[in-house]
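Enquirer:
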Amino acid sequence: MSDFHVLGLSCSCWDMLGIVEHYAALDEKVGMKSLIEQGGGLAATALAAVGRLGGRAAMLGNVGDDSSGQRIIGALQEVGVDTEHLRVIPGTRSRFAFCVIHEATGQRSIFFDTGTAGTPEPGEINPDLIARADVVLIDGTTGEGGVRAAEIARELGKPVVLDVERSSPAGEGLLRCATHPVLPAYYAATFAASGSPLDGCRVVQQLGPEVVVVTLGDRGCLAIEGETVHRVPAFDVPVVDTTGAGDVFHGAFAYGLALSKPLAENLLFASAAAGISCRALGGRAGLATMDEIEELIGRGRARSVEPL
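Numbering (my numbering), first residue to last: 297 to 604.
Written as structure tokens, this is what we have:
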């Protein structure tokens with residue numbers, strides 16, 4: 297048995313979140329509701345989701361030697377994530393994000409400071425650590441260190457789930473090394489002249505991944521595996537805040553791979569986890585348990601599938 301179901305390489309973040317009735321125009325003041333703070337970050341929140349589901353998760357990355365860094369570590373430990381390899385970098389500042397959530401829709405805008413702690417460099421990636429995991433989860437903030445981790449994982453025969461939201465200098469290298477890239481629809485669409493997420497998915501597939509997944513928000517998700525297109529609708533659930541829903545999808549999907557779930561079943565599993573996470577403010581407060589996911593899937597309350 298491996299030490300970890302999922303090993304994540306990522307930036308970590310400390311989030312402050314609040315709800316507004318409407319977004320402020322320039323020079324306008326708007327009151328906020330339910331202002332809270334909690335851990336955030338792409339793969340970091342994904343790993344928190346794995347921990348809440350009962351999986352063994354570990355985090356590889358950096359935080360600053362500030363109060364936010366200590367809170368980031370503590371929040372991950374609270375849900376069982378191994379933080380032994382989450383380094384505190386002296387004299388640096390942790391990443392911070394301010395998230396503004398629209399009350400009526402649950403949609404959000406995020407303003408962030410990248411901090412100065414950085415992410416591990418290629419020479420700091422330990423193959424022995426990667427060998428201890430079933431699945432490696434990497435996000436697009438990791439640069440060349442992420443590419444090196446993905447290369448090592450591929451050499452060891454490990455699935456590599458990639459969470460990437462936008463173009464970056466290391467982006468193509470990450471896509472070529474990933475076995476299971478998971479892209480938001482708006483980014484997938486940029487790969488195709490047609491502007492279609494499905495067409496973009498096919499372009500990314502030509503870079504070499506085994507499976508390419510595209511998340512579609514309240515329209516669910518799709519995946520291409522060989523010539524087969526899988527389409528899974530979103531679940532019909534109450535939405536308070538969509539912050540972190542994509543991250544939760546990635547974490548549940550990676551955990552499903554570690555559990556050897558078939559692709560169609562794993563897409564449903566990850567979609568349910570993401571849907572449940574929208575029930576509370578922030579990416580961590582609404583994390584699902586395994587029982588809750590099984591109950592939601594059992595009820596089968598999914599939205600209708602819309603054409604792409």
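The C-beta atom is built at its ideal place from N, Cα and C for all residues, glycine as well.
According to DSSP, is residue 238 helix, strand or coil?
Expert: Examination of residue 238 is not possible in this model, given that the chain is present from 297 through 604 alone.
Enquirer: Per DSSP, what kind of secondary structure is residue 310 in: helix, strand or coil?
Expert: In the sequence shown, residue 310 corresponds to position 14, counting from 1. The answer is strand: DSSP assigns residue 310 an E or B state.
Enquirer: Enumerate in chain order the residues of its own chain whose CB-to-CB distance from residue 298 is below 7 Å, with the five nearest sequence positions on each side excluded.
Expert: Translated into positions along the sequence shown, residue 298 becomes position 2. Around residue 298: 428, 429 and 430.
Enquirer: Alpha carbons only, please: which of 411, 504 and 460 is nearest the one belonging to residue 433?
Expert: Start at 1 with the first residue of the sequence shown, and residue 433 comes out as number 137. Here the closest residue by C-alpha is 460.
Enquirer: Can you give the beta carbon distance from residue 400 to residue 359, rounded, assuming they're within the 8 Å contact cut?
Expert: Numbered from 1 along the sequence shown, position 104 holds the residue referred to as residue 400. Numbered from 1 along the sequence shown, position 63 holds the residue referred to as residue 359. Not confirmed; about 35 Å, so no contact.
Enquirer: Count the CB pairs spanning the region 540 to 550 and the region 333 to 351 that are closer than 8 Å, and state whether there are at least three.
Expert: Yes: the two stretches touch, three or more of their Cβ pairs being nearer than 8 Å.
Enquirer: Should residue 311 and residue 402 be called a contact, given that it needs their Cβ atoms to be closer than 7 Å?
Expert: Locating residue 311 in the sequence shown gives position 15, where the first residue counts as 1. Locating residue 402 in the sequence shown gives position 106, where the first residue counts as 1. Going by C-beta atoms, residue 311 is not nearer than 7 Å to residue 402.
Enquirer: Output needed for residue 301: all residues of its chain with C-beta closer than 7 Å, excluding positions within five of it in sequence on either side, in chain order.
Expert: Within the sequence shown, the letter at position 5 stands for residue 301. Within the same chain, residue 301 has close Cβ partners 346, 351, 352, 353, 430, 431, 551 and 554.
Enquirer: Enumerated in chain order, which unbroken segments of the alpha helix (DSSP H) with a length of 4 residues or greater are wholly contained in the region 344 to 418?
Expert: You should have 363 to 374.
Enquirer: Note down the Cα distance separating residue 600 from residue 476, rounded to an integer number of angstroms.
Expert: Counting from 1 along the sequence shown, the entry for residue 600 is found at position 304. Counting from 1 along the sequence shown, the entry for residue 476 is found at position 180. Unreliable placement is indicated for residue 600, whose pLDDT of 48 sits below 50; the coordinate value is still reported in the next sentence. So the two alpha carbons sit approximately 26 Å from each other.
Enquirer: Taking just the CA atoms, how far does residue 535 sit from residue 514?
Expert: Within the sequence shown, the letter at position 218 stands for residue 514. Within the sequence shown, the letter at position 239 stands for residue 535. Their backbone Cα atoms lie some 10 Å apart in a straight line.
Enquirer: Can residue 322 and residue 577 be called in contact, C-beta distance under 7 Å?
Expert: Along the sequence shown, one-based indexing puts residue 322 at 26. Along the sequence shown, one-based indexing puts residue 577 at 281. Their beta carbons are not under 7 Å apart, which means residue 322 does not touch residue 577 by this criterion.
Enquirer: Taking the beta carbon of residue 531 as the centre, do at least 16 other beta carbons fall within 10 Å, making it buried, or is it exposed?
Expert: As a first step, residue 531 is located in the sequence shown; it is residue number 235 there, counting from the start. By the neighbour-count rule (16 or more Cβ atoms within 10 Å), residue 531 is buried.
Enquirer: CB residue 593 to CB residue 569, shorter than 7 Å?
Expert: Within the sequence shown, residue 593 is the residue found at index 297, counting from 1. Within the sequence shown, residue 569 is the residue found at index 273, counting from 1. It is not a contact, given that the beta carbons lie outside the stated cut-off.
Enquirer: Following the continuous beta strand (DSSP E) through residue 527, name the residue where it begins and the one where it ends.
Expert: Working through the sequence shown from its first residue, we reach residue 527 at position 231. Residues 524 to 528.
Enquirer: For residue 495 and residue 524, what's the separation of their Cα atoms in angstroms?
Expert: Here residue 495 refers to the residue found at position 199 when the sequence shown is read from its first residue. Here residue 524 refers to the residue found at position 228 when the sequence shown is read from its first residue. Using only the alpha carbons, I get a separation of about 13 Å.
Enquirer: Specify, as a first and last residue, the run of the beta strand (DSSP E) that residue 507 falls within.
Expert: Within the sequence shown, residue 507 is the residue found at index 211, counting from 1. That run of the beta strand (DSSP E) goes 507 to 511.
Enquirer: What residue range is occupied by the uninterrupted beta strand (DSSP E) comprising residue 324?
Expert: By 1-based counting over the sequence shown, the position of residue 324 is 28. Neither: residue 324 is in no beta strand (DSSP E) and is coded neither H nor E.
Enquirer: Suppose you measure from the CA of residue 543 to the CA of residue 582; what does that come to, to the nearest Å?
Expert: Looking up residue 543 in the sequence shown gives position 247. Looking up residue 582 in the sequence shown gives position 286. Their Cα atoms are separated by approximately 12 Å.
Enquirer: Hey, quick one: how far does the alpha helix (DSSP H) through residue 334 stretch, first residue to last?
Expert: Residue 334 sits at position 38 when you count from the first residue of the sequence shown. Taken as a continuous stretch (DSSP letters only), residue 334 belongs to no alpha helix (DSSP H), being part of the beta strand (DSSP E) at 329 to 336.
Enquirer: Taking Cβ to Cβ, would you say residue 309 is nearer than 7 Å to residue 391?
Expert: In the sequence shown, residue 309 corresponds to position 13, counting from 1. In the sequence shown, residue 391 corresponds to position 95, counting from 1. Yes, Cβ-Cβ distance for residue 309 and residue 391 is below 7 Å.
Enquirer: Label residue 564 either buried or exposed according to how many other C-beta atoms from any shown protein chain fall within 10 Å of its C-beta, with 16 as the threshold for buried.
Expert: Translated into positions along the sequence shown, residue 564 becomes position 268. It counts as buried.
Enquirer: Return the chain-ordered ranges of every alpha helix (DSSP H) run that is complete within the region 458 to 482 and spans a minimum of 4 residues.
Expert: Within the region 458 to 482, the complete alpha helix (DSSP H) runs of at least 4 residues are 467 to 473.
Enquirer: Hey, would you say residue 441 sits closer than 7 Å to residue 426, going by beta carbons?
Expert: Translated into the one-based positions of the sequence shown, residue 441 becomes position 145. Translated into the one-based positions of the sequence shown, residue 426 becomes position 130. Result no, Cβ atoms of residue 441 and residue 426 do not sit closer than 7 Å.
Enquirer: Apart from the five residues just before and just after residue 449, which ones in its own chain have a Cβ nearer than 6 Å to its Cβ?
Expert: In the sequence shown, residue 449 corresponds to position 153, counting from 1. Contacts found: 426, 432 and 456.
Enquirer: Grouping DSSP H, G and I as helix and E and B as strand, with all else coil, what is residue 436?
Expert: Reading the sequence shown from its first residue, position 140 is the one you call residue 436. Coil, per DSSP.
Enquirer: Measuring straight from C-alpha to C-alpha, what distance separates residue 410 and residue 589?
Expert: Working through the sequence shown from its first residue, we reach residue 410 at position 114. Working through the sequence shown from its first residue, we reach residue 589 at position 293. Each residue's alpha carbon lies about 33 Å from the other.
Enquirer: Residue range of the beta strand (DSSP E) that residue 487 falls in?
Expert: Position 191 of the sequence shown, counted from the start, is the residue given in the question as residue 487. Run containing residue 487: none; DSSP gives neither H nor E here.
Enquirer: Specify the secondary structure class of residue 521 as computed by DSSP and reduced to three states.
Expert: Position 225 of the sequence shown, counted from the start, is the residue given in the question as residue 521. Residue state, collapsed to three classes: strand.
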